[in-house]
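In our numbering, the protein residues as written are 400 to 602. No residue lacks a Cβ here, since even glycine has one placed at the ideal position from N, Cα and C. Report on the structure given below.
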């Protein structure tokens with residue numbers, strides 16, 4: 400049985416950990432598994448300030464929907480795992496005040512296509528208590544990354560990455576509620592595997 404998993408969460412919430420656990424549990428040696436990374440769906444921080452990126456993301460997403468449908472029709476046991484997709488894109492349009500009526504109609508059209516597919520959104524979350532530590536990105540000390548975060552926080556009226564991410568997390572829930580696609584909120588621990596019972600597709 401095929402499935403499409405879309406992992407949507409803010410930085411530090413455990414997206415990559417969840418994706419890795421999901422991929423391992425799905426046994427890619429036993430079924431077709433196609434993984435779409437952040438970069439593959441234009442959701443890396445490198446893309447954030449590119450002119451026209453919001454339109455480009457929507458164009459890519461709209462082209463992906465029929466591809467997903469065709470692939471599942473041909474190989475019904477195929478599973479897709481996306482590390483970010485349309486929810487992150489929608490939140491970033493709000494961030495940049497580029498959530499125009501035209502782009503939001505485009506988003507709604509994409510969601511309508513996704514409703515006809517076996518989509519499940521997995522939403523790892525941060526609590527307010529753990530946000531400062533989990534968003535410190537101690538493993539990343541590149542000047543370019545730090546300045547990118549500072550610029551985003553400043554432009555969105557936040558004084559810290561933790562505040563920015565908690566706001567984005569609330570926006571993600573608003574987008575998912577409005578879209579009406581199935582989603583599940585998860586607390587991901589980095590030191591122990593997540594119980595994926597009820598999440599994995601039937602064999």
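Answer with buried or exposed for residue 515, where buried requires no fewer than 16 other C-beta atoms within 10 angstroms of its C-beta.
exposed
For my contact list, residue 480 and residue 518 are in at a C-beta cut-off of 8 Å; report their separation, rounded to the angstrom.
The Cβ separation is near 12 Å, so there is no contact.
Round the Cβ separation of residue 571 and residue 522 to the nearest angstrom and send it over; I've been treating them as touching at under 8 Å.
7 Å
If you follow the beta strand (DSSP E) that residue 402 is in, where does it begin and where does it stop?
402-406
Within the present structure, is the beta-carbon of residue 436 separated from the nearest heavy atom of the ligand SAM by less than 7 Å?
This structure simply doesn't include the ligand SAM, nor any ligand for that matter.
I'd like to know whether the C-beta atoms of residue 483 and residue 440 end up nearer to each other than 8 Å.
yes
Alpha carbon of residue 492 to alpha carbon of residue 591, nearest angstrom
34 Å
Run the CB neighbour count on residue 437, radius 10 Å, all protein chains shown included, and call it buried at 16 or more, exposed below.
buried
For the region 400-410 against the region 445-457, do three or more pairs of beta-carbon atoms, one drawn from each stretch, fall closer than 8 Å, so that the two count as touching?
no
Between residue 527 and residue 565, how many whole angstroms is the CB-CB distance? I'm expecting something under 8 Å.
6 Å
Check whether the Cβ atoms of residue 475 and residue 401 sit closer than 8 Å, and answer yes or no.
yes
Unbroken beta strand (DSSP E) run spanning residue 497, endpoints:
Counting along the chain, residue 497 falls outside any beta strand (DSSP E), and DSSP gives it neither H nor E.
Going by DSSP, what residues sit across from residue 482 in a beta bridge?
406
Apart from the five residues on each side of it in sequence, which residues of its chain come closer than 7 Å, Cβ to Cβ, to residue 567?
409, 490
Selection from 432, 545, 509 that minimises the alpha carbon distance to residue 457:
509
Tell me the rounded alpha-carbon separation between residue 531 and residue 561.
5 Å
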